[in-house]
Amino acid sequence: MPVDGTPLLELRGVKAAYEKVEVLHGIDIVVPGGALVAILGPNGAGKSTTLRVMSGLMKPTAGQVLLEGFDVTGTSAEQLAETGVCLIPEGRGIFPNLTVRENVLMDTYTGHRHARDLEEIAFERFPVLRERSDQLAGTLSGGEQQMLALSRALSTDPALILLDEVSMGLAPMLVAELFSVVRELTTTGVTIVAVEQFADVVLEFADSVVVMAHGGVRLAGTPRKVARELTAAYLGGSKR
Ligand SMILES: Nc1ncnc2c1ncn2[C@@H]1O[C@H](COP(=O)(O)OP(=O)(O)OP(=O)(O)O)[C@@H](O)[C@H]1O
Ligand SMILES: [Mg+2]
Numbered sequence: 751m752p753v754d755g756t757p758l759l760e761l762r763g764v765k766a767a768y769e770k771v772e773v774l775h776g777i778d779i780v781v782p783g784g785a786l787v788a789i790l791g792p793n794g795a796g797k798s799t800t801l802r803v804m805s806g807l808m809k810p811t812a813g814q815v816l817l818e819g820f821d822v823t824g825t826s827a828e829q830l831a832e833t834g835v836c837l838i839p840e841g842r843g844i845f846p847n848l849t850v851r852e853n854v855l856m857d858t859y860t861g862h863r864h865a866r867d868l869e870e871i872a873f874e875r876f877p878v879l880r881e882r883s884d885q886l887a888g889t890l891s892g893g894e895q896q897m898l899a900l901s902r903a904l905s906t907d908p909a910l911i912l913l914d915e916v917s918m919g920l921a922p923m924l925v926a927e928l929f930s931v932v933r934e935l936t937t938t939g940v941t942i943v944a945v946e947q948f949a950d951v952v953l954e955f956a957d958s959v960v961v962m963a964h965g966g967v968r969l970a971g972t973p974r975k976v977a978r979e980l981t982a983a984y985l986g987g988s989k990r
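Heads up, my numbering is the position in the sequence shown plus 750, with the first residue counted as 1.
Below, the structure written as structure tokens:
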């Protein structure tokens, strides 16, 4: 982790398009190392696309992606994953027809970890998963599935976790619980970018907040600053 103030991740003037249709129109986002940065915004704002660019799944049509100050624009998702960038996509990165234990152990096949270590890491962080280790992942509650997805991400020793609506379908109380776990992860040095719908929870837990709309960044700053600037109209009326 750089100590000289170089952000862990930075997007500079990033544009991105599906086929010929541009959906990100030049966005700047700075993610300091060890921070929890939240991205808010209405449906279709470009939040998931932004995470895809950050993870290397999508190549920007213009602009730069910097990782620890190095230009990684156009680097493949596989290569970025090797350097510790981990995307948990919308709709949970788990295998519903495998047991919890099998999900946790999936990553022994891809890499360098021993089964025992992976189980220990996962079950220590999320004790409820140990109790459910022989249950099919698809039969876990929504919150438990998110914990499983997170524990799978953590087993790869990520430097940067990109979470796309990890709270989807969860009751507000569970969202807060999940985010306190996510918050705690940053104390171990992991950096997290979380796309979220729940403005309240994000404003409580995040170090900084980016508000997107129509493929651009509309607001960015500390939760306090963003909360102040977010209009009642945005909070009340932008989501249907
Ligand atoms: N695979 C795709 N092909 C074509 N257009 C896409 C594709 N994925 C997204 N888009 C378009 O790009 C724009 C941004 O989509 P994106 O998924 O990034 O939004 P989002 O902010 O994540 O929205 P949501 O809150 O609904 O998840 C939208 O207009 C969407 O229709
Ligand atoms: Mg999305």
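Beta carbons: idealized from backbone N, C-alpha and C, even for Gly. These numbers were taken from a predicted model, which means no experiment stands behind them.
- If you look at M808, you'll find it isn't in any beta strand (DSSP E); DSSP assigns it neither H nor E.
- Relative to F929, the option among S905, D957, T906 and G796 whose CA is nearest is D957.
- Cβ contact annotation for V780 (same chain, cutoff 6 Å, sequence separation greater than five): P757 and E760, in chain order.
- DSSP places R978 in no beta strand (DSSP E) but in the uninterrupted alpha helix (DSSP H) bounded by P973 to E979.
- Inclusion of L816 and T799 in the CB contact set at 7 Å is not warranted, their separation being larger than that value.
- Within the same chain, Q896 come within 6 Å of V916 by CB-CB distance, once the 5 residues on both sides are set aside.
- In the DSSP assignment, S958 falls within the beta strand (DSSP E) that extends over S958 to A963.
- By the criterion of a C-beta distance shorter than 6 Å, G892 is surrounded in its chain by G919 and L920, once the five residues flanking it on both sides are discounted.
- Under DSSP, E760 forms a beta bridge with V780 and L816.
- T936: member of the alpha helix (DSSP H) spanning P922 to T936, first to last residue.
- The alpha-carbon separation between I838 and L898 amounts to approximately 11 Å.
- Under the rule that a run must span 3 or more residues, the beta strand (DSSP E) segments found entirely inside the region 819-877 read 835-838.
- G755 and P782 have their alpha carbons spaced roughly 8 Å apart.
- With a 10 Å radius around the Cβ and a threshold of 16 neighbouring Cβ atoms, E946 comes out buried.
- A Cβ-Cβ separation of about 30 Å leaves S901 out of contact with V961 under the 8 Å criterion.
- One Cα belongs to L879, the other to M856, and the distance between them is close to 15 Å.
- From the listed residues G888, V925 and V932, the smallest Cα separation to L786 is found for V932.
- Rounded to the nearest angstrom, the gap between the Cα atoms of T937 and T972 is 18 Å.
- Distances between the C-beta of K975 and the heavy atoms of ligand 1 are all 6 Å or more.
- Cβ neighbours of A767 within its own chain (closer than 6 Å, five residues either side excluded): T811.
- When D950, D914 and V943 are compared, the shortest CA-CA separation from P922 is found for D950.
- Between T825 and K770, the alpha-carbon positions lie close to 21 Å from each other.
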